[in-house]
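So the structure is just underneath, and the comments pick up after that.
Numbering (the working numbering), first residue to last: 59 to 481.
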């Protein structure tokens with residue numbers, strides 16, 4: 059009897075045998091909380107699915123021990139369900155012992171990859187074996203994943219749902235949760251090859267197993283979720299924000315401002331705007347490069363004017379050797395000396411400041427700065443735009459990690475340049 063049952067309430071098993079009453083008292087443990095192995099599996103599989111086509115979860119589930127039932131159409135179904143439920147849920151699947159646990163190495167691999175427990179499918183005792191697996195899983199407070207069809211569908215249609223999962227939920231007095239897995243058959247069909255594509259896990263509404271007499275309500279929920287259409291490719295939130303930013307005038311204004319700030323004081327090259335921000339919208343990278351160049355020229359003129367009046371702006375991460383090189387180039391070639399900045403690693407703000415200190419005329423400096431900065435920005439923009447276009451399917455899903463890698467790469471490169479000009 060459940061804890062909230064009142065004296066005199068008619069129990070759904072009022073006429074059941076004593077053995078059944080004993081079964082209804084089977085122990086369910088407390089939710090296990092954070093689990094390192096479960097967390098690693100959850101993160102790894104989630105990123106694997108993002109990498110091969112995208113992954114999305116629709117809906118949510120209560121945080122308690124449950125019996126989770128899902129349609130079965132691919133070996134990718136179990137990893138998808140592990141990726142869908144955060145680590146505290148620690149969902150565990152029961153797997154066919156005659157298929158997955160007949161070889162010690164295969165059994166170990168399965169334990170590591172998905173943490174499965176074996177059940178027998180043939181030779182009798184299937185439900186009793188399911189009870190043994192459920193006792194391990196639900197007894198530890200985790201949720202039990204069951205595929206009631208028993209085998210993978212070859213055409214995407216639901217097969218007959220066996221009632222074992224419902225009986226387990228009734229015996230352990232835990233909710234039963236229907237879940238639809240969409241896209242795994244296209245990703246990895248039975249006896250098929252891996253074909254990259256999106257996967258979606260749709261979580262239904264948990265049901266009280268004692269209010270059910272068969273699997274029909276669960277099947278109806280899953281069929282309804284499957285009928286909702288194909289999976290929607292996932293998108294990085296950062297990617298969406300930056301793409302929206304680049305789609306309008308704010309993207310070009312940001313490029314102009316970044317170029318201006320770099321030519322005055324910002325210790326980040328102007329082209330990093332293209333790499334970090336504009337790459338989210340490849341078609342806008344080259345226009346952004348033009349605005350970067352315009353902003354850089356404006357910043358060069360402002361820095362020149364400030365320095366000429368004795369107000370040299372701060373120039374972090376620059377060295378005396380950089381300033382000496384810029385002064386020498388400008389002394390030798392006048393305003394044309396700024397062209398040498400494009401390849402020597404000396405920040406343009408250093409050339410702008412030295413131009414002010416040497417009173418290089420503003421108009422020739424602006425013309426040569428536009429040529430030098432424009433050529434460099436447009437060349438980098440063409441490369442970034444082409445690379446971002448080719449990598450767009452991955453960037454849409456992994457823009458956060460991409461930013462991290464790009465940031466670390468820039469920091470390493472900047473450190474190398476500063477060390478070179480510190481000798």
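For each residue, glycine too, the CB sits at the ideal point set by N, CA and C. Only a predicted model underlies this, so the values are computations on that prediction, with no experimental measurement involved.
Spatial neighbours of residue i in its chain, beta-carbon cut-off 6 Å, leaving aside the 5 residues before and after
| i | result |
| --- | --- |
| residue 301 | 338, 339 |
| residue 404 | 380, 383, 384 |
| residue 457 | 294, 296, 297 |
| residue 116 | 260 |
| residue 469 | none |
| residue 409 | 384, 396, 399 |
| residue 502 | One cannot answer for residue 502 here, as it falls past the ends of the chain, which runs 59 to 481. |
| residue 422 | 393 |
Proximal residues to residue i (C-beta, below 8 Å), its chain only, five neighbours per side dropped
| i | result |
| --- | --- |
| residue 233 | 120, 122, 124, 125, 227, 264, 265, 266, 267 |
| residue 366 | 414, 415, 417 |
| residue 62 | Caution applies to residue 62, whose pLDDT of 37 falls short of 50 and renders its modelled position unreliable; the model cannot decide the point. |
| residue 424 | 355, 358, 359 |
| residue 139 | 126, 128, 149, 151, 203, 237, 239, 259 |
| residue 318 | 353, 354, 356, 357, 360 |
Boundaries of the alpha helix (DSSP H) in which residue i is found, first to last residue
| i | result |
| --- | --- |
| residue 456 | 450 to 478 |
| residue 103 | 94 to 110 |
| residue 406 | 406 to 415 |
| residue 325 | Where residue 325 is concerned, there is no enclosing alpha helix (DSSP H), given that its DSSP letter is neither H nor E. |
| residue 353 | 343 to 366 |
| residue 305 | 295 to 305 |
| residue 484 | Here the chain has residues from 59 to 481 only, and residue 484 is not among them. |
| residue 271 | No alpha helix (DSSP H) contains residue 271, which DSSP labels as neither H nor E. |
| residue 375 | Careful: residue 375 lies outside any alpha helix (DSSP H) and carries neither H nor E. |
| residue 400 | 399 to 402 |
| residue 216 | Unbroken run through residue 216: none, as it is neither H nor E. |
| residue 369 | Neither: residue 369 is in no alpha helix (DSSP H) and is coded neither H nor E. |
| residue 136 | 135 to 142 |
8 Å contact criterion, which residue i and residue j should meet: CB distance rounded
| i | j | result |
| --- | --- | --- |
| residue 371 | residue 364 | 6 Å |
| residue 426 | residue 397 | 6 Å |
| residue 132 | residue 210 | 6 Å |
| residue 313 | residue 359 | So it is not a contact: roughly 17 Å between Cβ atoms. |
| residue 343 | residue 446 | 6 Å |
| residue 310 | residue 346 | 6 Å |
| residue 362 | residue 420 | 6 Å |
| residue 434 | residue 400 | 5 Å |
| residue 568 | residue 220 | Shown here, the chain extends from 59 to 481; a query on residue 568 therefore has no answer. |
| residue 128 | residue 277 | Between residue 277 and residue 128 the Cβ distance is about 11 Å, and since that is not below 8 Å, they are no contact. |
| residue 188 | residue 222 | 5 Å |
| residue 262 | residue 280 | 7 Å |
| residue 406 | residue 332 | Incorrect: roughly 16 Å between the Cβ atoms, too far for contact. |
| residue 141 | residue 113 | 6 Å |
| residue 336 | residue 304 | 6 Å |
| residue 438 | residue 329 | 4 Å |
| residue 436 | residue 348 | 7 Å |
Residues that DSSP places opposite residue i in a beta bridge
| i | result |
| --- | --- |
| residue 128 | 237 |
| residue 116 | 260 |
| residue 204 | 127 |
| residue 150 | 202 |
| residue 265 | 234 |
| residue 252 | 246 |
Bounding residues of the beta strand (DSSP E) (the contiguous stretch that carries residue i)
| i | result |
| --- | --- |
| residue 258 | 257 to 261 |
Residues of its chain near residue i, where Cβ-Cβ distance is below 7 Å and the 5 sequence neighbours each way are ignored
| i | result |
| --- | --- |
| residue 460 | 453 |
| residue 542 | No answer is possible for residue 542: the residues shown for the chain start at 59 and end at 481. |
| residue 224 | 234, 267, 270, 273 |
Three-pair Cβ contact test at 8 Å for the region 196 to 203 versus the region 242 to 254: no
Segment contact flag, the region 377 to 389 with the region 300 to 315, C-beta cutoff 8 Å, min 3 pairs: no
Cβ contact check for the region 372 to 383 and the region 318 to 332: 3 or more pairs under 8 Å: yes
Segment contact, 8 Å Cβ cut-off, at least three pairs: the region 101 to 112 with the region 214 to 226: no
The region 283 to 294 / the region 238 to 253 touching (three or more Cβ pairs under 8 Å): yes
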